[in-house]
Amino acid sequence: MSRSRLLYSLVLVLLVVIPFMASHAQKAMGKKVPVATEPEGDKETPPAAESKPLAPWQTLSGDGEPTTIRAVRFGASSRSPMSIVKRGNLAITEGDMVVGSYEHVMNAISKESVIRDPYLKWPKVDGKVVVPYKVHPSLPRQAQAALQQAIAEFNAKTCVRLIPQTREKDFVTVFFGQGCYSYVGNIHNGEQELSLGQGCEFKGTAVHELMHALGFYHEQSRPDRDQFITINFQNIGRGMESQFDVCRDCTTQDIPYEYASIMHYGAQAFTNNGRDTMVPKQRGARIAEPYDKPGLTALDVKKLHKLYQC
Numbered sequence: 001m002s003r004s005r006l007l008y009s010l011v012l013v014l015l016v017v018i019p020f021m022a023s024h025a026q027k028a029m030g031k032k033v034p035v036a037t038e039p040e041g042d043k044e045t046p047p048a049a050e051s052k053p054l055a056p057w058q059t060l061s062g063d064g065e066p067t068t069i070r071a072v073r074f075g076a077s078s079r080s081p082m083s084i085v086k087r088g089n090l091a092i093t094e095g096d097m098v099v100g101s102y103e104h105v106m107n108a109i110s111k112e113s114v115i116r117d118p119y120l121k122w123p124k125v126d127g128k129v130v131v132p133y134k135v136h137p138s139l140p141r142q143a144q145a146a147l148q149q150a151i152a153e154f155n156a157k158t159c160v161r162l163i164p165q166t167r168e169k170d171f172v173t174v175f176f177g178q179g180c181y182s183y184v185g186n187i188h189n190g191e192q193e194l195s196l197g198q199g200c201e202f203k204g205t206a207v208h209e210l211m212h213a214l215g216f217y218h219e220q221s222r223p224d225r226d227q228f229i230t231i232n233f234q235n236i237g238r239g240m241e242s243q244f245d246v247c248r249d250c251t252t253q254d255i256p257y258e259y260a261s262i263m264h265y266g267a268q269a270f271t272n273n274g275r276d277t278m279v280p281k282q283r284g285a286r287i288a289e290p291y292d293k294p295g296l297t298a299l300d301v302k303k304l305h306k307l308y309q310c
């Protein structure tokens with residue numbers, strides 16, 4: 001065999017043997033042998049999935065069937081129908097307003113007591129409305145961020161000051177509950193819960209629920225609502241019709257009706273078929289869900305200041 005052929009054969013042997021030996025050496029040391037693959041080109045890492053928005057009026061799995069009671073709201077002098085839904089141990093009306101514990105509400109009904117949805121103001125200190133709050137450890141980062149954005153807006157635009165709770169007896173605890181809900185006003189019972197659950201981690205939703213805690217109802221339940229909104233009852237879910245009852249003798253504070261108010265539900269609130277349940281009578285007007293709104297409007301600020309006289 002010529003010297004050139006011998007060298008060629010030796011090179012071929014080395015090309016086969018050396019990778020084989022290296023592979024076995026890596027396996028012996030517990031290392032994973034990389035497997036060659038065809039290049040696939042540049043790929044972007046998909047963004048983390050965001051929470052799907054949940055409208056405050058949406059029912060949740062586990063919610064009870066709606067029950068209609070007769071109750072007296074703040075600002076009203078007589079009872080009117082109120083549709084409540086059992087969620088956990090709470091009675092909730094209009095999707096996100098807590099009436100009280102379900103057991104208490106039903107016991108009062110059975111005894112023919114008057115069920116009230118009381119409105120109680122938060123105290124003023126040096127001309128500012130002070131609302132102490134706590135953030136429960138269950139609240140995820142996205143909800144905490146939405147809450148802090150909402151708090152910053154109230155503190156910057158209004159006479160309301162949301163402050164971390166220290167020794168105050170009455171305060172709001174914001175936690176990760178079932179859906180979005182709040183008590184209405186200061187219930188003067190120590191801790192009261194405000195839920196920013198799955199799908200509620202948006203600034204607009206947080207502002208909406210904090211407005212409930214400050215004592216406000218929904219814009220679409222105002223006594224002058226029918227001048228501005230057409231209700232399509234054929235599109236409303238069974239048993240939810242009374243969620244659209246207006247409070248006939250409640251005050252409007254002489255502030256104009258506003259489609260853009262953070263307290264106005266979206267056009268498909270309580271829909272049973274995906275079609276609009278509320279249609280604005282003003283041409284070109286749009287009714288968005290709270291989570292789709294940037295926050296307080298000028299009229300929202302005005303009604304808050306007028307209510308608290310600040």
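One point on numbering: in the UniProt record's numbering, the residue at position 249 of the sequence shown is 249, and numbering is uninterrupted.
Ideal Cβ placement from N, Cα and C applies to all residues, glycine included.
Small disclaimer: the values here were computed from a predicted structure and weren't measured.
Annotation for residue 196: no alpha helix (DSSP H) segment contains it, though the beta strand (DSSP E) segment containing it runs 191-196. Note on residue 186: 16 or more other CB atoms within 10 angstroms of its CB, so buried under the neighbour-count rule.
With respect to the C-alpha of residue 102, the residue from 125, 96, 91 and 294 having the closest C-alpha is 91.
Shown here, residue 205 sits in a helix according to DSSP, grouped into three states. Secondary structure note for residue 301: its alpha helix (DSSP H) is the uninterrupted segment 298-308. The residue from 303, 60, 52 and 310 with its alpha-carbon nearest to that of residue 181 is 60. Checking the DSSP bridge columns, you'll see residue 82 partnered with 69. Note that the C-beta distance between residue 268 and residue 276 is below 8 Å. Burial of residue 195 is indicated by the presence of at least 16 other C-beta atoms within 10 angstroms of its C-beta. In this structure, the beta-carbon distance from residue 290 to residue 262 falls below 8 Å.
Closest by C-alpha distance to residue 258, out of 130, 133 and 287, is 287. DSSP, read as helix, strand or coil, puts residue 97 in strand. If you compare the alpha carbons of 221, 253 and 294 with that of residue 82, the shortest gap goes to 221. Residue 130 sits close to residue 122, with the two beta carbons spaced by under 8 Å.
DSSP places residue 92 in the strand class (E or B) of the three-state scheme.
DSSP places residue 61 outside both helix and strand once states are collapsed to three, so it counts as coil.
Residue 294 sits away from residue 199, with the two beta carbons spaced by 8 Å or more. In this chain, the beta strand (DSSP E) harbouring residue 162 covers 160-164.
In this structure the region 245-260 does not lie against the region 161-168, because fewer than three pairs of beta carbons, one per stretch, are closer than 8 Å. Contact between the region 238-247 and the region 223-230 is present: three or more C-beta pairs spanning the two stretches fall below 8 Å. Counting only the Cα atoms, residue 149 lies some 20 Å from residue 265.
For the 8 Å CB-CB criterion, residue 64 and residue 85 form a contact. The C-alpha of residue 309 lies about 10 Å from the C-alpha of residue 302. Under DSSP, the beta-bridge partners assigned to residue 183 are 98. Assignment of beta-bridge partners to residue 278 by DSSP yields 231. Along the region 120-165, the alpha helix (DSSP H) occurs as fully enclosed runs of 4 or more residues at 141-157, listed in sequence order. 229 is the residue among 233, 176, 229 and 296 whose C-alpha sits nearest the C-alpha of residue 285.
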